[in-house]
Each structure stands twice: as C-alpha cells, then as structure tokens.
Amino acid sequence: MEKTVFRFYSAGAFRANAADLDARSAAGWNLKKPGCCRYTFERSDVRFRYGLDYCPGSFGEEERDRRKQAYAAAGWEPAGTTLTGWDFYRRPVTADDDGAPLPVPYTPEQEGVLASVGRWFWLRAAVVAAGIPPAAVAVVRQQSMAILALVYGAAILGCCLRLQQLHNRLR
Numbered sequence: 008m009e010k011t012v013f014r015f016y017s018a019g020a021f022r023a024n025a026a027d028l029d030a031r032s033a034a035g036w037n038l039k040k041p042g043c044c045r046y047t048f049e050r051s052d053v054r055f056r057y058g059l060d061y062c063p064g065s066f067g068e069e070e071r072d073r074r075k076q077a078y079a080a081a082g083w084e085p086a087g088t089t090l091t092g093w094d095f096y097r098r099p100v101t102a103d104d105d106g107a108p109l110p111v112p113y114t115p116e117q118e119g120v121l122a123s124v125g126r127w128f129w130l131r132a133a134v135v136a137a138g139i140p141p142a143a144v145a146v147v148r149q150q151s152m153a154i155l156a157l158v159y160g161a162a163i164l165g166c167c168l169r170l171q172q173l174h175n176r177l178r
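Mind the numbering: the sequence shown is residues 8 to 178 in my numbering, read in order.
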C-alpha cells in the first residue's frame with residue numbers, strides 16, 4: 008500500500024523534515040521516494056530513523072561518493088535523492104539505537120547557509136516563472152524586448168551566482 012503526501016520544507020528545516028519522516032515511520036509509513044514537495048510512502052512494519060544531507064551536483068561526484076561511504080560505514084542506507092540536491096538516508100531503529108545523527112553534521116554557520124540556499128533557490132524559480140509570460144508575448148507579437156531580456160538575464164545570473172557562493176561556503 009502506498010500514499011503520496013505533499014509537504015513543503017525549506018532547506019533550513021531539514022531537521023524538521025527528518026523528524027516528520029521519523030514520526031511517519033513510527034506510524035508504519037516509510038519513505039519510498041522523496042521529492043521537492045511530493046513524498047511517496049509505503050506501508051511497512053520496519054521502523055527507520057531518517058537523516059538528510061545537502062550535496063548538490065556542484066559539489067562533485069567525489070564529494071557525494073565520500074559522503075555515501077561515510078554514511079554506509081555508520082549504518083545509514085540511501086533512501087532517495089531529490090533534484091534540488093538533498094540525499095535522504097535511513098537506518099533501522101533497534102532496541103539499542105544510540106540516536107546518533109548522520110556522520111557529516113552541519114555547523115551552525117552551515118545551517119544558516121542552508122536556509123539561504125533555500126531562499127535563493129525559490130527566488131530563482133520565481134524569477135524564471137515571472138519571465139515566461141513576457142517572453143511569450145514578445146514572441147507572439149514579434150517585438151523586441153531587449154531591455155526586459157537584459158534585466159531578466161541579470162536577475163537569473165545574480166541568483167545563480169549567489170547560489171554558487173553559498174554552495175562554496177558549504178564545502
């Protein structure tokens with residue numbers, strides 16, 4: 008049996024997301040497939056603890072492999088990945104569960120950066136969405152909208168550069 012849940016978590020709320028997944032697992036629903044806002048769960052008698060790690064493609068495959076090996080060595084198994092760069096991990100809850108977090112913890116500064124990453128990610132998405140209608144009008148009417156295109160391009164470039172700066176601070 009499966010169910011789909013639509014939930015939005017900001018990047019800085021990764022602990023709340025993990026706590027929600029833990030509570031759902033305690034109720035018998037384990038994560039089958041994570042998403043940006045859409046999660047698929049399956050019914051199971053096995054109870055898991057969940058943890059999340061932010062490792063976008065800009066960090067490189069070597070860094071992602073290093074982290075996966077560290078998690079595997081600590082008993083965590085992959086539970087899915089999102090397009091936004093979040094890796095979900097889980098491990099079975101046992102009677103002698105030590106409650107240890109994921110082996111790559113975040114410093115308070117990095118947690119603040121994660122919150123900023125989430126805001127800039129959604130700002131970039133909003134800028135892209137806001138530019139689509141004027142671009143469609145310009146194409147249909149065959150009008151030159153060079154100034155609008157420059158402003159739009161500069162806004163997207165600014166968001167992308169800021170996200171890259173934040174990613175560099177997380178490495």
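All C-beta atoms in this analysis are idealised placements derived from N, C-alpha and C, irrespective of residue type, glycine included.
Since we're looking at a predicted model, the values are computed, not measured.
Following the DSSP letters along the chain, one finds residue 48 inside the beta strand (DSSP E) bounded by residues 45-50. When the five nearest sequence neighbours on each side are left out, the beta carbons in the same chain lying within less than 6 Å of the beta carbon of residue 12 are those of 46, in order along the chain. Taking residue 122 as reference, the option from 9, 16, 10, 8 with the minimal CA-CA separation is 16. Counting along the chain, residue 169 sits inside the alpha helix (DSSP H) bounded by residues 153-177. DSSP, reduced to helix, strand and coil, places residue 38 within a strand of the structure shown. Note on residue 140: under 16 other CB atoms within 10 angstroms of its CB, so exposed under the neighbour-count rule. Per the coordinates, the alpha-carbon of residue 109 lies some 11 Å from the alpha-carbon of residue 25.
For residue 86, no alpha helix (DSSP H) encloses it; the enclosing beta strand (DSSP E) starts and ends at 84-88. Put simply, of 86, 22, 97, 71 the residue whose alpha carbon is nearest the alpha carbon of residue 42 is 86. When secondary structure is reduced to three states using DSSP, residue 125 falls in the helix class.
For residue 109, there is no enclosing alpha helix (DSSP H), as DSSP marks it with neither H nor E. Annotation for residue 82: 98 place their beta carbon closer than 7 Å to its own, counting only its chain and skipping 5 residues before and after. Under the 8 Å Cβ criterion, the segment 125-138 counts as touching the segment 161-173, having at least three qualifying pairs. Non-local C-beta neighbours of residue 28 in its own chain, meaning closer than 7 Å and more than five positions away in sequence, comprise 38, 57, ordered along the chain. Non-local C-beta neighbours of residue 71 in its own chain, meaning closer than 6 Å and more than five positions away in sequence, comprise 62, ordered along the chain.
Between residue 35 and residue 50, the C-beta spacing is below 7 Å. Within its own chain, the residues whose Cβ lies closer than 6 Å to the Cβ of residue 32, once the five positions on either side in sequence are excluded, are 54, 55, listed in chain order.
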